[in-house]
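If you're matching positions, the sequence shown starts at 5 in my numbering and goes up one per residue. C-beta atoms are modelled at their ideal positions from N, C-alpha and C, and glycine is treated no differently.
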Amino acid sequence: MSTIGSCKMGLISGVKSHRLFSVAAGALFLAQATVASAGPVDGRLYHPETTGTNQTFAIGLKSTMKPAVVNRDIVVLVDTSASQMGDHRELGLTVLDSVLKSLSANDNVQIVAVDVAFEDLTTGFAPANSKQVQAGVDALESRIPLGVTNLLPALNHAAELLKDSQQGAICYIGDGMSRGGVISEEKMTTLVHELQNQKIAVHSFGVGPMIEFQTLGVLANFTGGVVKFDSEELSTEQAVAAGAELARAMKQQIEYPSQLNCDTAMVLPAEALPVRADRETIYLAKGALPRQLTLADGTRVDLKGDEQVENVLESSWQSAQQSGGIKVAFAGEELLELQEKAILTQVDRLGEQAERALDLNDHRTAGELSRTMAQLNPGNRHAQLLRTDSRKFEFLNVAQNENGDIDLFAPPADAEVPPADVPPADVPPVELPPANVPPANVPPANVPPANVPPANVPPADAVTEPLPPVDGEIAPEDELAPRFGGQDLDLLSEQERMIRIKEQRYAREVELLIEEANEKLLLDPNSVISEIKRAIAHISAVPDIGPTVRDELIRVLKSKLAQAQNRVEVAELLMIQLENERSQLEARERAVDQLIRDEEELEAWIDRIRGLLSDAVRGNDYAFEEAQAVATKALMARPRNGAATAARIQTEALTQLNLVYRLNELRRDRWLAALEEVERSHVPFPDEPPIAYPAPEIWQALTRNRAKWKQVSIFKQTPREQKIREELDRVYDLDAAGLSLQDALNQIAEQGDFIVNVHSSVRDTLGDLDSVEVTQNYSGIKLRSIFRLLLNEQELTYAIKDEVLWILTEDEAQNNTDFLQMKIYPVTDLVIPIQNVGGGQGGGINGTQNGGLGGAGGFGGGLGGGVGGGNSQFRSVPDLQNPHLDGLKKKALNP
Numbered sequence: 005m006s007t008i009g010s011c012k013m014g015l016i017s018g019v020k021s022h023r024l025f026s027v028a029a030g031a032l033f034l035a036q037a038t039v040a041s042a043g044p045v046d047g048r049l050y051h052p053e054t055t056g057t058n059q060t061f062a063i064g065l066k067s068t069m070k071p072a073v074v075n076r077d078i079v080v081l082v083d084t085s086a087s088q089m090g091d092h093r094e095l096g097l098t099v100l101d102s103v104l105k106s107l108s109a110n111d112n113v114q115i116v117a118v119d120v121a122f123e124d125l126t127t128g129f130a131p132a133n134s135k136q137v138q139a140g141v142d143a144l145e146s147r148i149p150l151g152v153t154n155l156l157p158a159l160n161h162a163a164e165l166l167k168d169s170q171q172g173a174i175c176y177i178g179d180g181m182s183r184g185g186v187i188s189e190e191k192m193t194t195l196v197h198e199l200q201n202q203k204i205a206v207h208s209f210g211v212g213p214m215i216e217f218q219t220l221g222v223l224a225n226f227t228g229g230v231v232k233f234d235s236e237e238l239s240t241e242q243a244v245a246a247g248a249e250l251a252r253a254m255k256q257q258i259e260y261p262s263q264l265n266c267d268t269a270m271v272l273p274a275e276a277l278p279v280r281a282d283r284e285t286i287y288l289a290k291g292a293l294p295r296q297l298t299l300a301d302g303t304r305v306d307l308k309g310d311e312q313v314e315n316v317l318e319s320s321w322q323s324a325q326q327s328g329g330i331k332v333a334f335a336g337e338e339l340l341e342l343q344e345k346a347i348l349t350q351v352d353r354l355g356e357q358a359e360r361a362l363d364l365n366d367h368r369t370a371g372e373l374s375r376t377m378a379q380l381n382p383g384n385r386h387a388q389l390l391r392t393d394s395r396k397f398e399f400l401n402v403a404q405n406e407n408g409d410i411d412l413f414a415p416p417a418d419a420e421v422p423p424a425d426v427p428p429a430d431v432p433p434v435e436l437p438p439a440n441v442p443p444a445n446v447p448p449a450n451v452p453p454a455n456v457p458p459a460n461v462p463p464a465d466a467v468t469e470p471l472p473p474v475d476g477e478i479a480p481e482d483e484l485a486p487r488f489g490g491q492d493l494d495l496l497s498e499q500e501r502m503i504r505i506k507e508q509r510y511a512r513e514v515e516l517l518i519e520e521a522n523e524k525l526l527l528d529p530n531s532v533i534s535e536i537k538r539a540i541a542h543i544s545a546v547p548d549i550g551p552t553v554r555d556e557l558i559r560v561l562k563s564k565l566a567q568a569q570n571r572v573e574v575a576e577l578l579m580i581q582l583e584n585e586r587s588q589l590e591a592r593e594r595a596v597d598q599l600i601r602d603e604e605e606l607e608a609w610i611d612r613i614r615g616l617l618s619d620a621v622r623g624n625d626y627a628f629e630e631a632q633a634v635a636t637k638a639l640m641a642r643p644r645n646g647a648a649t650a651a652r653i654q655t656e657a658l659t660q661l662n663l664v665y666r667l668n669e670l671r672r673d674r675w676l677a678a679l680e681e682v683e684r685s686h687v688p689f690p691d692e693p694p695i696a697y698p699a700p701e702i703w704q705a706l707t708r709n710r711a712k713w714k715q716v717s718i719f720k721q722t723p724r725e726q727k728i729r730e731e732l733d734r735v736y737d738l739d740a741a742g743l744s745l746q747d748a749l750n751q752i753a754e755q756g757d758f759i760v761n762v763h764s765s766v767r768d769t770l771g772d773l774d775s776v777e778v779t780q781n782y783s784g785i786k787l788r789s790i791f792r793l794l795l796n797e798q799e800l801t802y803a804i805k806d807e808v809l810w811i812l813t814e815d816e817a818q819n820n821t822d823f824l825q826m827k828i829y830p831v832t833d834l835v836i837p838i839q840n841v842g843g844g845q846g847g848g849i850n851g852t853q854n855g856g857l858g859g860a861g862g863f864g865g866g867l868g869g870g871v872g873g874g875n876s877q878f879r880s881v882p883d884l885q886n887p888h889l890d891g892l893k894k895k896a897l898n899p
C-alpha cells in the first residue's frame, strides 16, 4: 500500500502513459522566502474549493516584463541509452534539429552524448549552423542506443564546460531516467545550487517510453529552465514547433529575485527560484490564503489570479517536507496540471480496487484503500462512501460477534478466550453473599430502572439453586444474579445452550455457503474452493461447538470441496481437450492453406510453361530451353507430381525435336555451301593478262623497312619502363665480388637510377638474398647479360612491371599472368592468293594446301620466306622491267 510521501502512480497525458513523478516541494521556510526582483512580477493562487487557515495551496509567480534576447553558450545533452529507440529516437533527433535551426549564428553549441558515460561529439563550442556542429549531429545519428543513463556526471560535465561563460545554458533531450546512478537528494541539492550560482538554466525535452518528470521539473524549476515533453498526439510538425519553442526559451533573459515575504503561510522551497516571463514559477504553501506578497524592495505583488484545483497538493507538501526542499518539480502550470491528473487517475484506480474488495467481502482492504484515497485527495466523496461502507461492516461484524453470530469467512481471532472450566461435581457449594449487598470493589449490578419493572420477574419465594464453586475469585454478583425473562439457568446449562445456538448458526452458515457454492460452481469453481477451504479452517479452529457437529459440518464442506475440485479438474481436462482440438483444427487449416498455395504455385508454373512453348513455336528457339528449365524447377519442387512430370517430359521432347530440326536444316545448308565451293573450284583460271610483280629490290626494301615490327607488344610502356629497357642494353661495370646478391642488386639500381624489387616467390624459395654471395666482378658487358649471369645460377629471372624491375623465380615468371606480355610476330609474306594451277593431285590439292595455307615453301610466306612454292607448283616471277620481251609468261621452275 502506498504512503503519502512515497506514492507512485501512472501519469497519463492524452493517451500515452508516463512515469509518475512525485512532485512535491521541499524545504520549509517561515514567511521569509528569498527572491530578488529584477522587474514587475505577477502572481496567482492554486487552491482547492474549500478554504481554511491550514490548507495546502500553490503560488505561481511570473514576470510581466518583456524578456530580453541574449546569445547563449549551450551544452546539448542527448540521451543515447537503450530507452531511446525507434520513434523516440527519431522524435528526439527531430527536436534537436529544430533547436539548432532556430538558434542564431551567434549562439555557440557543444553536443554531448549521454548513456553509461558521456562523450563529447564536438570539440568545443561552435556556431549552431556550423559544419562542426553538423558533424556532431551526424556522429549522434550513427551512434547506437545502448546501456543505461548516468545523468549526474553529464550535468556536472556540462556545468564545467560553462564555467567561463557568462550566458550559459543546458539543453537536455531524453527521458530523465538515471538508472546508471540514482541522484540522491543531497547530490541534487548540490547540483542545483552550483547551477544557480553560475546562472545556468537547464531546459529539457522529455522523450521516451517513461519520462522522469520529477528530475526534469526540479532542474527546470530551480535553475529557470522550461520543460517540454512528448505525448501520444505529438506529430512531427508539433515536434518541430516544440524544438523552436525550446530554442526561444533558452535565449530569453531570466530574472533572479532575492526575497519574498508571505505573512500568512509557510512557503516551500526556502531559497528563491528564478522567474521567467513564459511560464510560472510554482511554490507550495500551507496556511491561510494570502492576497499579497512583499518583495525585498518593498514592492507588493497582488495575487490577482485565483484558480481552483482539486485538493491533491497534500501529498506533494508532505514529500516536500521530507526532502528538505529539493523536490519542487512544478516548472510551470503545465506540470502542475499534469500532477493533478496523475493523482486523480490514481485515486480512481484505488477506488476501483476498493469496490472490488467490497464485492469480495474484504472490508479491511477496502478501508485501507479508502484511507489512501483520502490522503491523496482529501475530501474525495468516493473515498468517504467507501470508508462509510467498510465502517458499517466492521460495526455490524462486532455486534454479531457479541451476539454469537460468527462470520465463517472472517479469519479466526488472534486471542480467543476459552470458556471457564466447569468445576467438579463433588466440590461442596459455597454460600453466596446477599443479593442486595454488592461485593467489595465491584461496580453495581446492571439492575433495570425501578419505575420499569422487568417482565417475567420470578416470585419472591422462588428458590435459587446455588451454583457450583469456581476456583479463584468469586465472580461479581451482577454476573451471577438471575437473568430476566425466564427460568434461572446455571452456568453449565447456559454454556450448553450457547453451544447449541452456535452449532445451529454454524449449520445455517454452512447451508447458505453450500447453496451459494452450488450457484457459483459451474461459473467460478476456484472461488468456491477458496471459500470452502477458509470455512473448513475456521470451523476447525473455533472451540465453542461440539465435536460431532464440527465433524459433520467439516464432512459436508469437504464433500462440496471435492465436488468443486472435481469440477475444476473436469474443466481443466475439457480445456486441454478443446486446446488439442483447436490445435488440430489449426493444423488442418494450415495444411489446406499450404496445399492451396502449392496448387496455385504449380498452376503458375504450368501457365509459364504454356506461354514459353507458345512463344517457342513462333520461332524463339531459346524459349524451348527456358520452358524446360521451368518444368525442371516445378518437378523438383513437386516430385512425382503428374502435371509437373508431364510438363518436364513434354518440354524436353519439344526441345530435342526442335534441336534435331535445326541441325538438319544447318546440315543441308552447309552441304549445299560445300557443293557450291566445289563448283567454284571448277571455274578455269585465265592467264591473260599476266600478273605483274614488283622487282626484287622493292621486296628487299619493304623487308628492311618493316624490321622494327618484327615483334609488336600490345602493352603500352611508360617512359620509365622504356628507360629501364634502355638501361638493360647499356654497358655496365659491376664490382660485386664478395658482395651479397642483394647488395649487387642495390648497386645496379643505384647506377641505373631505377627501382629493383625482390618478389615474394624469391624469399619463399631462397630466403633472404643477403645470404647469397656473388663470386666475381662483371665489366664491359650489357646489364641484360649481367642479370642473366647473376640470376641463372639461382634459377631466377627478371621482369619489368609497374615501372619497377622485379626479381622473381622462373616458375613465377611463367605462371603469373601479371608478368607475361603478349607479342605479335609476322608469319607470312604472301601478298596474293595462291591458285591451284596445274593438274594432278600434287599440283592441285597439295598446291592449295601448302601454298594457300601459307606452307613452308610458299612464295615469301610462312617461316621459309623462300622463292619456291608448295610441292614445286609455283611459277617464276616475270621480268617487270622488260614486259615486251618474249617469255613473259610464267614457266614452271621444274618442267
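As assigned by DSSP and simplified to three states, the class of residue i
i: residue 736; result: strand
i: residue 655; result: helix
i: residue 453; result: Per-residue confidence for residue 453 stands at a pLDDT of 37, beneath the threshold of 50, marking its modelled position as unreliable; the derived number appears in the next sentence. Residue state, collapsed to three classes: coil.
i: residue 85; result: coil
i: residue 610; result: helix
i: residue 51; result: strand
i: residue 623; result: coil
i: residue 514; result: helix
i: residue 117; result: strand
i: residue 691; result: coil
i: residue 90; result: coil
i: residue 256; result: strand
i: residue 869; result: Reliability fails at residue 869, whose pLDDT of 38 lies under 50, so the model's placement of it is uncertain and the value that follows must be treated cautiously. Correct three-state label for residue 869: coil.
i: residue 126; result: coil
Assigned exposure category for residue i - 16 Cβ within 10 Å defines buried
i: residue 1; result: Residue 1 cannot be examined here, being either before or after the span of the chain that is shown, 5 to 899.
i: residue 273; result: buried
i: residue 142; result: exposed
i: residue 79; result: buried
i: residue 533; result: buried
i: residue 661; result: exposed
i: residue 325; result: buried
i: residue 140; result: buried
i: residue 502; result: exposed
Run of the beta strand (DSSP E) containing residue i, from where it starts to where it stops
i: residue 765; result: From DSSP, residue 765 is part of no beta strand (DSSP E) but of the alpha helix (DSSP H) over 764 to 770.
i: residue 702; result: No beta strand (DSSP E) contains residue 702, which is instead part of the alpha helix (DSSP H) from 700 to 709.
i: residue 174; result: 172 to 178
i: residue 749; result: Per DSSP, residue 749 belongs to no beta strand (DSSP E); it is in the alpha helix (DSSP H), 745 to 756.
Enclosing alpha helix (DSSP H) for residue i [first to last residue]
i: residue 819; result: 814 to 819
i: residue 781; result: Unbroken run through residue 781: none, as it is neither H nor E.
i: residue 66; result: First-last for residue 66: 59 to 67, but that is the beta strand (DSSP E), not the alpha helix (DSSP H).
i: residue 530; result: 529 to 545
i: residue 379; result: 367 to 380
Short CB-CB distance (under 8 Å) between residue i and chain D
i: residue 273; result: Absent from the structure: chain D. Only one protein chain is present.
With a cut-off of 8 Å, do at least 3 Cβ pairs link the stretch 728 to 736 to the stretch 775 to 790?
-> Contact between the stretch 728 to 736 and the stretch 775 to 790 is present, because at least three Cβ pairs lie under 8 Å.
Write down every uninterrupted run of the beta strand (DSSP E) in the stretch 182 to 239 whose length is 3 residues or greater and which is fully enclosed by it, in chain order.
-> You should have 205 to 210, 231 to 233.
Which runs of the beta strand (DSSP E) spanning at least 3 residues fall entirely within the stretch 294 to 338, listed in chain order?
-> Every beta strand (DSSP E) stretch that sits fully inside the stretch 294 to 338 and reaches 3 residues is listed by chain position as 296 to 299, 304 to 312.
Runs of alpha helix (DSSP H) wholly within the stretch 128 to 166 (minimum 4 residues, chain order) = List check, alpha helix (DSSP H) in window: 135 to 145, 155 to 165.
Take every Cβ of the stretch 245 to 263, pair it with every Cβ of the stretch 213 to 226, and state whether three or more of those distances are shorter than 8 Å.
-> Proximity of the stretch 245 to 263 to the stretch 213 to 226 falls short of the contact definition, fewer than three beta-carbon pairs being nearer than 8 Å.
Would you check if the stretch 329 to 346 and the stretch 364 to 383 touch, i.e. whether three or more CB-CB distances between them fall below 8 Å?
-> Taking a cut-off of 8 Å for Cβ pairs, the stretch 364 to 383 and the stretch 329 to 346 do not touch, as fewer than three such pairs fall below it.
Are the stretch 77 to 97 and the stretch 170 to 177 touching by the rule of at least three beta carbon pairs closer than 8 Å?
-> Segments in contact, yes.
If you pair each beta-carbon of the stretch 718 to 731 with each one of the stretch 800 to 807, do three or more pairs fall below 8 Å?
-> Counting Cβ pairs under 8 Å, three or more are found: they touch.
Cβ contact check for the stretch 128 to 145 and the stretch 179 to 191: 3 or more pairs under 8 Å | The stretch 128 to 145, when compared against the stretch 179 to 191, does not touch it at the 8 Å Cβ threshold.
Hey, is the stretch 538 to 551 in contact with the stretch 570 to 579, meaning 3+ C-beta pairs nearer than 8 Å?
-> No, because fewer than three Cβ pairs between the stretch 538 to 551 and the stretch 570 to 579 fall closer than 8 Å, the two stretches do not touch.
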